[in-house]
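Each residue of the sequence shown is one higher than the one before, starting from 1 at the first, in UniProt numbering. Using N, Cα and C, we set each Cβ at its ideal position, and we do this for glycine too. The structure displayed is predicted, hence computed values, not measured ones. What follows is a set of notes on a single structure, which appears directly below.
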Amino acid sequence: MEIKSGNLSHPREFVLLGFSGLWELQNTLFAIFLILYLITITGNATVIVLIHLDSRLHTPMYFFLSTFSLVETLVITTIIPRMLVDLLIEKKTISFTWCLTQFYFYFSLGLTDFLLLAAMSIDRYVAICHPLHYSTIMSSRLCNSLVLGSLASAFLTMIPTTIWMARLSFCRSNVINHFFCDNVPLIKLSCSDTRLIELWDFLLALIFILSSLLVTVVSYVAIISTILRIPSASSQQKALSTCASHFTVVVIGYGSTIFIYVRPSKGSSMDINKMLSLLTSVLTPLLNPFIFTLRNKKVKEVFRDRLWKLRGFPGT
1 MEIKSGNLSH
11 PREFVLLGFS
21 GLWELQNTLF
31 AIFLILYLIT
41 ITGNATVIVL
51 IHLDSRLHTP
61 MYFFLSTFSL
71 VETLVITTII
81 PRMLVDLLIE
91 KKTISFTWCL
101 TQFYFYFSLG
111 LTDFLLLAAM
121 SIDRYVAICH
131 PLHYSTIMSS
141 RLCNSLVLGS
151 LASAFLTMIP
161 TTIWMARLSF
171 CRSNVINHFF
181 CDNVPLIKLS
191 CSDTRLIELW
201 DFLLALIFIL
211 SSLLVTVVSY
221 VAIISTILRI
231 PSASSQQKAL
241 STCASHFTVV
251 VIGYGSTIFI
261 YVRPSKGSSM
271 DINKMLSLLT
281 SVLTPLLNPF
291 IFTLRNKKVK
301 EVFRDRLWKL
311 RGFPGT
């Protein structure tokens, strides 16, 4: 497809192929993704509201969880609304500026997610390995600093990356084989020498994703070591249950993201990348509020009490 631009190296717009091989299922896909989006927004909003309203959940653990839920909501919002529009129209174009904007916010929020997961693992480490000093160590000041530091470092880091991406030349085609402006298909379209930016992206993924994973792994090694020294089986089970949901999210989030991004893009299958991107950008934000709440006794208790009050019954 020809690039519509006075300067062929900088197109005014891109065409998103999305799920081009499923034309007959566009309306069905629209309904599915709309339902998934509404469930995700409702689930994460419920977690945030419950934590905000109930004093029993005013602890560092739930502060990080509410922030994580908010970021997950923003992640899916950078992708799904645009995807829903594209499923309803024939000409699936996106302006060059909006494409880079989507790219910037998606990856900034994604990096924030991983830094928050690392912060949550530190919180669990302190709670289990140093319970007597938990309230002193995990002060409001430290928690706020971890959250603000995660946001600032992720969003500031993505500024030069986005500027670098904006300066690439796209003289081959303006058709992106994806449902959003991901870095891999954009790099594949460029006729510039992309070796340096690919190396930069790879190093960025190593620094942010693998370093935060290392913090999580070290924290869990210490947590498991401490739990194994607890004499009571019931106490061991209680300690493990507080980490189970976080560990599940870590495995899903890091596993899929490392497979997509922590490797050179050359030779990678775009169809596989699209499916894995669906996992990280759609299914993971959908599942996370349910993973965190269904395995959390206190959140379920608060939810039940609030539900009973709405029905006119006194809470327990």
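Pair within 8 Å by beta-carbon distance, residue i and residue j
{"i": "residue 362", "j": "F208", "result": "Look at the range of the chain in this structure, 1 to 316, and you will see that residue 362 is not part of it."}
{"i": "A152", "j": "L111", "result": "no"}
{"i": "V249", "j": "L57", "result": "no"}
{"i": "N44", "j": "P289", "result": "yes"}
{"i": "F64", "j": "A119", "result": "yes"}
{"i": "L286", "j": "T40", "result": "yes"}
{"i": "L276", "j": "N177", "result": "no"}
{"i": "L117", "j": "T216", "result": "yes"}
{"i": "E24", "j": "F96", "result": "no"}
{"i": "I252", "j": "T284", "result": "yes"}
{"i": "F19", "j": "I80", "result": "no"}
{"i": "R172", "j": "C191", "result": "yes"}
{"i": "S235", "j": "N296", "result": "no"}
{"i": "M61", "j": "F107", "result": "no"}
{"i": "V15", "j": "N144", "result": "no"}
Residue i: first and last residue of the uninterrupted alpha helix (DSSP H) it sits in
{"i": "L50", "result": "Q26 to L53"}
{"i": "T73", "result": "P60 to T77"}
{"i": "I150", "result": "Contrary to the premise, residue 150 reads as Ser rather than Ile in this sequence. From DSSP, the alpha helix (DSSP H) with S150 extends over S140 to A166."}
{"i": "I89", "result": "That residue, I89, is in no alpha helix (DSSP H); it is neither H nor E in DSSP."}
{"i": "T136", "result": "Y134 to I137"}
Range of the contiguous beta strand (DSSP E) that encloses residue i
{"i": "F14", "result": "E13 to L16"}
{"i": "I94", "result": "T93 to S95"}
DSSP bridge partner residues for residue i (one or two, in chain order)
{"i": "I176", "result": "L16"}
Checklist entry - Can you list, in chain order, the stretches of the beta strand (DSSP E) that have 3 or more residues and sit fully within the stretch 185 to 265? => result Whole beta strand (DSSP E) segments, 3+ residues: zero.
Item to check | Meets three-Cβ-pair contact criterion under 8 Å: the stretch 213 to 232 and the stretch 125 to 137 | outcome: At 8 Å Cβ cutoff, the stretches touch.
Item to check | Cβ contact check for the stretch 44 to 53 and the stretch 128 to 137: 3 or more pairs under 8 Å | outcome: Three or more beta-carbon pairs separated by less than 8 Å are not found between the stretch 44 to 53 and the stretch 128 to 137, which leaves the two stretches without contact.
Checklist entry - Pairing CB atoms from the stretch 81 to 89 with CB atoms from the stretch 186 to 205, are three or more of them under 8 Å? => result A contact between stretches requires three or more CB pairs, one per stretch, nearer than 8 Å, and the stretch 81 to 89 fails this requirement with the stretch 186 to 205.
Checklist entry - For the stretch 191 to 198 against the stretch 229 to 240, are there 3 or more C-beta pairs whose distance is under 8 Å? => result Counting Cβ pairs under 8 Å, fewer than three are found: no touch.
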